[in-house]
Amino acid sequence: MDLDANRSLIAAALGRIPAGDRTALQTVYRLTSAKLFGVCLRILGERGEAEDVLQEVYVTVWRKAADFDASRASPMTWLIAIARNRSIDRLRASRQSRNMAPIEQASEIADIAATADHALEGLQEHARLHGCLGSLATHERAALRGAFFDGNTYEELAARMAVPLGTMKSWIRRAMIKLKACLEQ
Amino acid sequence: MSDVLDHSGLPEEELLAAEYALGVLAGTERAAAEHRIARDPGFARQVAEWEQRLAPWAAEIPGVVPPPQVWDRIAGALPPPTPDRGLWQSLAFWRGLSLATGLLTAACVAALIYLGTLTQPQPLVATIEGDGHRHFVATIDAKRGMVAVVPAAFSADATRVPELWLIPADGKPRPVGLLRADRTVTLTLTAELAALAKGEAVLAVSLEPPGGSTTGLPTGPVIATGKLTSL
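Protein chains in written order, with the working numbering: chain A, 2 to 186; chain B, 1022 to 1252.
Here it is as structure tokens:
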């Protein structure tokens, strides 16, 4: 689906939710639930939990749609952040992250950008982020991946990569500083 | 976090925003960051900026269609609909609205009679709304492969024309045809489109260059949408 058309369709529907339009929420659900379910499933690793959290996500969208500002954020960014945060809340409330397998820095998955779904997030934005992530050190990129895709905490990342907590904090913060500088170039 | 090594380059506040957006915080640190988002608009904006930077990464996560009962549970968790959202209430609303109302109602009725009388399956109706206005009312007779679209509060644009799209459960818009601001338009549905036009599908109207989109997908802004419902 054409990115701009999709974006304006989702943004327009979000704009109608604060007036109590259930059809608008259903439109948002139809256009975005597969992506957001994928995000929840990736972080939670279990379908039943991901379904519960997906329900929470759209009830949150219903309640908070008035906070969405189409002039400042893309609707998918806003929705993905809600899906990630509700999933992370669920992880933190229950147990440690699902994926705690040791991260072998050398065996980091090389490049799955080719499989990326650009229908909802722009090709250009993804390519730019991917390029900047590529400029990070391998261990920094691996740590960010564990946080973004597996919902790991600092402590969990330190355990998975077998480094002291302070070192992990330093890696992540340094990586985020570099990432921001690169994206702003 | 304050015991962490010195990082020149970004203030502590922005690093905290980055950590929250990435999701590495836990326990009281995460709770404190959430509390701050609610109270401190500057901090909330920094978090949103970090979310914007990181969100494109989610393109690497494959979509997975959730089972249908998830929507049912969401719908069940919403507050009950306010009474003035229904179609008949909407018609009543128009009736009192303006001089065009009588004509509109007559056109709706005519469309219903035209499409609905002889067929067994119930016609489907969609109120196509956007920006607080009801732009069009569409009535679909899937069996006969016809859709009648009555303009309501839609005002014409000098340079662009309204185009109707059918968006079935897979989320992909299919072009249906061009609409008119000044009169009812009756369009023919292909067999494929007629099969997709059932409850849960959505009709959308976008603004396109004269002659309509040439790409098979909306190229201009989508100004209104409406869900198909059985009469």
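Quick reminder that beta carbons are idealized off the backbone N, C-alpha and C, glycines included. Keep in mind it's a predicted model, so treat the numbers as computed, not measured.
Counting along the chain, no beta strand (DSSP E) covers ASP68 of chain A, and no H or E run does either. Taking 8 Å as the upper bound for CB-CB distance, GLU1229 of chain B and VAL1171 of chain B are not in contact here, some 20 Å apart.
By the neighbour-count criterion, in which a residue is buried when 16 or more other Cβ atoms sit within 10 angstroms of its Cβ, GLY1247 of chain B is buried.
One thing to note: ARG1195 of chain B has its Cβ within 9 Å of the Cβ of LEU1214 of chain B. Distance from the CA atom of THR1207 of chain B to the CA atom of ARG87 of chain A, rounded to whole angstroms, is 45 Å.
Between the alpha carbons of ASP53 of chain A and LEU42 of chain A lies a gap of roughly 11 Å. Close CB contacts of MET162 of chain A within its chain, under the 6 Å cut and outside five residues either way in sequence, are with ILE104 (chain order). At a cut-off of 9 Å, the C-beta of HIS140 of chain A has no neighbouring C-beta in chain B. For ASP1203 of chain B, no alpha helix (DSSP H) run applies, since DSSP gives it neither H nor E. Taking 9 Å as the cut-off, the Cβ atoms of ALA1218 of chain B and GLY1151 of chain B do not count as close. Using a Cβ-Cβ cut-off of 7 Å, GLY39 of chain A is close to ILE1082, PRO1083, GLY1084, VAL1085 of chain B, given in chain order.
Taking 9 Å as the threshold, the shortest C-beta distance from ILE1161 of chain B to chain A does not fall below it. Across the region 141 to 168 of chain A, CB contacts with chain B closer than 8 Å involve LEU145, ALA148, PHE149, PHE150, GLY152, ASN153, THR154, TYR155, GLU156, LEU158, GLY167, in sequence order along the chain.
If you check the CB distance, ILE1058 of chain B and LYS36 of chain A do not come in under 9 Å. Within chain A, no residue has its beta carbon less than 7 Å from that of GLY1166 of chain B; the closest one is some 23 Å off. C-alpha of VAL1085 of chain B to C-alpha of SER34 of chain A: approximately 8 Å in a straight line. Taking the CA atoms as reference points, ASN100 of chain A sits about 24 Å from THR78 of chain A. Per DSSP, SER1227 of chain B lies in no alpha helix (DSSP H) segment; the continuous beta strand (DSSP E) that holds it begins and ends at 1223 to 1229. The beta-carbon of SER1227 of chain B is placed less than 9 Å from the nearest beta-carbon of chain A.
For the set B:GLY1063, B:LEU1043, B:LEU1031, the Cα lying nearest the Cα of GLY147 of chain A is the one of B:LEU1043. Ranked by how close their Cα comes to the Cα of PRO1101 of chain B, the residues A:THR24, A:ILE44, A:LEU184 have A:THR24 in first place. The beta carbon of LYS1219 of chain B sits no closer than 9 Å to any beta carbon of chain A.
Of the candidates B:ARG1165, B:GLY1233, B:HIS1154, B:GLY1198, B:GLY1233 places its Cα closest to the Cα of THR1180 of chain B.
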